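Here's the structure we're looking at; comments come further down.
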Amino acid sequence: MHKFTVESTYHLPVYRHRTYDAATPADACRKAIGDDDWSAEKCDYETAGETYITGIWYGTDTAYRVESTTVPSQFHETIQRKAEHFQELFDQLVYVARPAGLSRADFDRWLPKAIATVEKAKAIIEERRDPDVQTEPPGS
Numbered sequence: 006m007h008k009f010t011v012e013s014t015y016h017l018p019v020y021r022h023r024t025y026d027a028a029t030p031a032d033a034c035r036k037a038i039g040d041d042d043w044s045a046e047k048c049d050y051e052t053a054g055e056t057y058i059t060g061i062w063y064g065t066d067t068a069y070r071v072e073s074t075t076v077p078s079q080f081h082e083t084i085q086r087k088a089e090h091f092q093e094l095f096d097q098l099v100y101v102a103r104p105a106g107l108s109r110a111d112f113d114r115w116l117p118k119a120i121a122t123v124e125k126a127k128a129i130i131e132e133r134r135d136p137d138v139q140t141e142p143p144g145s
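Per the working numbering, residue 6 is the first one in the sequence shown, and the count goes up by one each step.
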């Protein structure tokens, strides 16, 4: 029987409530992301994230002292697993994003959504913000 040192972790949400003057919801979000003042932060212990594995090493108390062993992907954080799988799904979408067996009407309905999905995927891959989508404030 082997001994393993396993590093597990979870994310603890830290949040703040702050009001911003902005022309659109996207502008308000940009201001909040750019705001570095976290002096009124609060920890949300009740919604801590899932526990996942960030490292594993053979031996007792060997974390960062010896070469790590690969963590099987099913023990990664779910959001990380989704991100790792995203590229493969994106590649599949790009491959089929042409009229392959669809009626012209179905293709015409599908294509704008596919293009928007591809553009959003490109933005995520390139670490840019999503393309702007127009939203109306409540009661408009």
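For every residue, glycine included, the Cβ atom is placed at its ideal position computed from N, Cα and C.
Everything numeric in this text was worked out from a predicted model, so none of it was measured.
- Taken in chain order, the whole alpha helix (DSSP H) runs of length 4 or more contained in the region 46-89 number zero.
- Spatial neighbours of Val19 in its own chain (CB-CB distance under 8 Å, excluding positions within 5 residues in sequence) are listed in chain order as Trp43, Glu46, Lys47, Cys48, Asp49.
- Between the C-alpha atoms of Ala88 and Thr24 there is a straight-line separation of about 31 Å.
- When the beta-carbon positions are compared, Glu12 and Ala68 come within less than 8 Å of each other.
- Rounded to whole angstroms, the Cβ separation of Lys125 and Asp135 is 5 Å, and the two are in contact under 8 Å.
- Annotation for Glu124: no beta strand (DSSP E) segment contains it, though the alpha helix (DSSP H) segment containing it runs 109-130.
- Across the structure, Ile61 and Pro117 are spaced so that their CA atoms are roughly 45 Å apart.
- For Phe80, the closest of His90, Thr56, Val101 by C-alpha to C-alpha distance is Thr56.
- DSSP places Thr14 inside the beta strand (DSSP E), whose first and last residues are 9-14.
- Here Thr14 is actually not in contact with Thr83; their C-beta atoms are around 13 Å apart, not less than 8 Å.
- Distance from the CA of Tyr63 to the CA of Pro77, rounded to the nearest whole angstrom, comes to 14 Å.
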